[in-house]
Amino acid sequence: MHLLRREFLQLAAAAAVLDASSLAHAADYPTRPVRVIVGFPAGIGPDITGRLMSQWLSEHLGQQFIVDNRPGAGSNIGTEMVAKAAPDGYTLLLTVSTNAINATFYQNVNFDFRKDIVPVGFIGATPFVLVVTPSFPAKTVPELIAYAKANPDKINMASQGVGTSPHVVGELLMMMTGIKLVHVPYRGNVVPDLMSGQVQMYFSPLPQVIEFVRDGRLRALAVTTTTRSEALPDVPTLAEFVPGYDARAWYGIGAPTGTPADIIDKLNKEMNAGLADPGVKSKLLAVGVVPNPMTPTEFGKFLSSEIDKWAKVIKFADIKAE
Numbered sequence: 006m007h008l009l010r011r012e013f014l015q016l017a018a019a020a021a022v023l024d025a026s027s028l029a030h031a032a033d034y035p036t037r038p039v040r041v042i043v044g045f046p047a048g049i050g051p052d053i054t055g056r057l058m059s060q061w062l063s064e065h066l067g068q069q070f071i072v073d074n075r076p077g078a079g080s081n082i083g084t085e086m087v088a089k090a091a092p093d094g095y096t097l098l099l100t101v102s103t104n105a106i107n108a109t110f111y112q113n114v115n116f117d118f119r120k121d122i123v124p125v126g127f128i129g130a131t132p133f134v135l136v137v138t139p140s141f142p143a144k145t146v147p148e149l150i151a152y153a154k155a156n157p158d159k160i161n162m163a164s165q166g167v168g169t170s171p172h173v174v175g176e177l178l179m180m181m182t183g184i185k186l187v188h189v190p191y192r193g194n195v196v197p198d199l200m201s202g203q204v205q206m207y208f209s210p211l212p213q214v215i216e217f218v219r220d221g222r223l224r225a226l227a228v229t230t231t232t233r234s235e236a237l238p239d240v241p242t243l244a245e246f247v248p249g250y251d252a253r254a255w256y257g258i259g260a261p262t263g264t265p266a267d268i269i270d271k272l273n274k275e276m277n278a279g280l281a282d283p284g285v286k287s288k289l290l291a292v293g294v295v296p297n298p299m300t301p302t303e304f305g306k307f308l309s310s311e312i313d314k315w316a317k318v319i320k321f322a323d324i325k326a327e
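Residue 97 in this note's numbering sits at position 92 of the sequence shown; the count goes up by one each step and never skips.
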C-alpha cells in the first residue's frame, strides 16, 4: 500500500509538471517563426487570403507567420505536409473548400483529413464567380445555358485541376441544368488563358479575378452564393436563374492533430480579433471574402457539413482522381 501510494504521488506530481509545462508553452507560444502551408500557387484566392491573416498573426503574436506555397495534387501535397508535421503549433494549414472535396475525392492518400487535421479557426467565405472571356457570346446565365445546350461539349471550362473546387462547382451547375461542358484542368493560374480566349469560362474564387472583372478584362455572369456579393453588387447570383444553386469558397486555419488545445485556443482568439479589426475586415471585403469568426468546435461542424455536401456531388458526377 505504501508503494502504491508513493507511485500515485509520483505520477500526480509528474502530471502536474507536464500540465504546467503545457500551460507555459502555450503562454510563450510562438517563440519562433510559424509556417502557414498554402496548397496552391501564389497570387490566387487561397494565397491572398492566407497572407492577409498571416500578416495579422505576425503583427500580434510577435513572430513571423510565413506563407509557404506548396501547390500540387489538388492541395494534397501541402495538406500531407501538415498532417505529418509535429503537432506543436509551428506548422499550420490554410484549409479551404477543396479540402472538404478531397476528403471524398481522393481515396489513396497518406493521410485522413478528418482525423489528421484539427480545426483552429475560420477566416471567411467568398463566392465563386462565373467568369467568361469577353469575346464569349453569352452575356447572361440564361444565354450561357441556351448556348451550352445548342453547342454541347463545345464550351471549355477551366479549373485548377480535377476535383478542385472550381471543377466540382462547375459539375454542380451541369448536374442542375443538364448542360455539358468540357473540363480543362490546369496546374497553375488559368486566368491568362481565359483572358486570351483559349478557354471560355471559369468558376473562380472571387479574390483571384475581382480586379479583372472590374477593369473589363473578364466578364462576370454570376456569383455562386445565394446572396449577391458586396464586392460585385451588380453581378447576379446563379440561384436567380438556377433555383437552389449554392456554393462558396472558404478559408480557415487547421493544425496537425495533437496540437495542444491551449495553442489552438490562442490562435483562434487572435484570428477572431483580426476578423473584428476594421483594417483586416476592409482588406478581406475588398477581395470579396466575408469575415466569419468561429470557434474551433463551430468550424469543425462546418467542415463536416461541407464534406458531406460535396461527397454527394462527386458521387453523382462520378468524378475520379486521375
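Ideal placement from N, C-alpha and C gives every residue a C-beta, glycine not left out.
>> Just to confirm the assignment: which complete alpha helix (DSSP H) runs, minimum length 4, are found wholly within the segment 210 to 237?
In response: 211 to 219
> residue 3 and residue 97 look like a contact to me (Cβ under 8 angstroms); what is the Cβ gap, rounded to whole Å?
Replying inline: Only positions 6 to 327 of the chain appear in this structure, which leaves residue 3 out of reach.
>> With DSSP as the reference, identify every bridge partner of residue 93, one or two as the case may be.
In response: In DSSP, residue 93 forms no bridge with anything.
> Apart from the five residues on each side of it in sequence, which residues of its chain come closer than 6 angstroms, Cβ to Cβ, to residue 330?
Replying inline: Because residue 330 is not part of the residues shown, which for the chain are 6 to 327, the question remains open.
> So, helix, strand or coil for residue 299, using DSSP?
Replying inline: coil
> Is the number of C-beta pairs between the segment 77 to 84 and the segment 111 to 127 that are closer than 8 angstroms three or more?
Replying inline: yes
>> Let me confirm a value: residue 176 is counted as buried when at least 16 other C-beta atoms fall within 10 Å, else exposed. Which label applies?
In response: buried
> Nearest-angstrom Cα distance between residue 321 and residue 183?
Replying inline: 13 angstroms
> Would residue 107 be called buried (16 or more neighbouring beta carbons within 10 Å of its own) or exposed?
Replying inline: buried
>> Rounding to the nearest angstrom, what Cα-Cα distance links residue 299 and residue 277 in this structure?
In response: 7 angstroms
>> Suppose you measure from the CA of residue 149 to the CA of residue 143; what does that come to, to the nearest Å?
In response: 5 angstroms
> Helix, strand or coil: which one does DSSP assign to residue 80?
Replying inline: helix
> Whose CA, out of 64, 59, 233, 241, lies closest to the CA of residue 74?
Replying inline: 59
> CB-CB under 7 angstroms to residue 275, same chain, minus the five flanking residues each way: which ones, in chain order?
Replying inline: 62, 65, 66
> Taking the alpha carbon of residue 304 as the point to measure from, which residue in 325, 202, 273 has its own alpha carbon closest?
Replying inline: 273
>> Between which residues of its own chain and residue 129 is the CB-CB distance below 8 angstroms, once the five residues before and five after are set aside?
In response: 54, 255, 256, 280, 289, 294, 295, 296, 297
>> Tell me which residues share the same chain as residue 68 and place their Cβ nearer than 8 angstroms to its Cβ, disregarding the 5 neighbours each side in the sequence.
In response: 35, 36, 37, 38, 39
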